[in-house]
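Residue 35 is where the sequence shown starts when you use my numbering, and the numbers rise one by one after that. For every residue, glycine included, the Cβ atom is placed at its ideal position computed from N, Cα and C. Before any comments, here is the structure.
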Amino acid sequence: MGCRAQINIRGDCLANIPTIQRLIESLPKEVRTCSKCQEEAIVQVSEHLLHQDGGIPFGEAAIFGCDESLDKVIESVLRAQPALGDCFESKKS
Ligand SMILES: [Zn+2]
């Protein structure tokens, strides 16, 4: 273990979260999963965002995983939809 990390999704990209989520879930498991620690990259959205209907979206979303799985997942997402590059903040551990 020890390589856990996360990438936050920018607040102005919240509308793209379903797309990002779909893209990540459609990736093969070996792409989503770290070969060293088996940590799987997943998109998590904070509670109030999920329960929000209408109005201005607020809350937080991030992709959790580890160094390796996040790199692989982001690379694949950007290959599929380069425009989403602006949605991701830099990776932090
Ligand atoms: Zn790992």
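Measure the C-alpha to C-alpha separation of residue i and residue j and round it to an integer number of angstroms.
i: Ile-90; j: Glu-123; result: The predicted position of Ile-90 is uncertain, since its pLDDT is 49 and thus under 50; no value can be drawn from it.
i: Lys-126; j: Ala-95; result: 14 Å
i: Arg-56; j: Gln-115; result: 12 Å
i: Glu-64; j: Asp-105; result: 13 Å
i: Ser-80; j: Ile-108; result: 20 Å
i: Pro-62; j: Leu-48; result: 24 Å
i: Glu-74; j: Ser-110; result: 14 Å
i: Thr-67; j: Asp-46; result: 27 Å
i: Arg-44; j: Gly-119; result: 10 Å
i: Cys-37; j: Gly-99; result: 8 Å
i: Arg-113; j: Ser-103; result: 15 Å
i: Pro-52; j: Ala-39; result: 21 Å
i: Ile-41; j: Glu-59; result: 16 Å
i: Val-77; j: Asp-101; result: 15 Å
Does any heavy atom of ligand 1 sit closer than 7 Å to the C-beta of residue i?
i: Asp-46; result: no
i: Glu-102; result: yes
i: Glu-73; result: yes
List the endpoints of the continuous beta strand (DSSP E) containing residue i.
i: Ala-96; result: 95-100
i: Gln-40; result: 38-43
Using a C-beta cutoff of 8 Å, does residue i count as contacting chain C?
i: Lys-70; result: Judged by its chain identifiers, the structure shown contains no chain C, having just a single protein chain.
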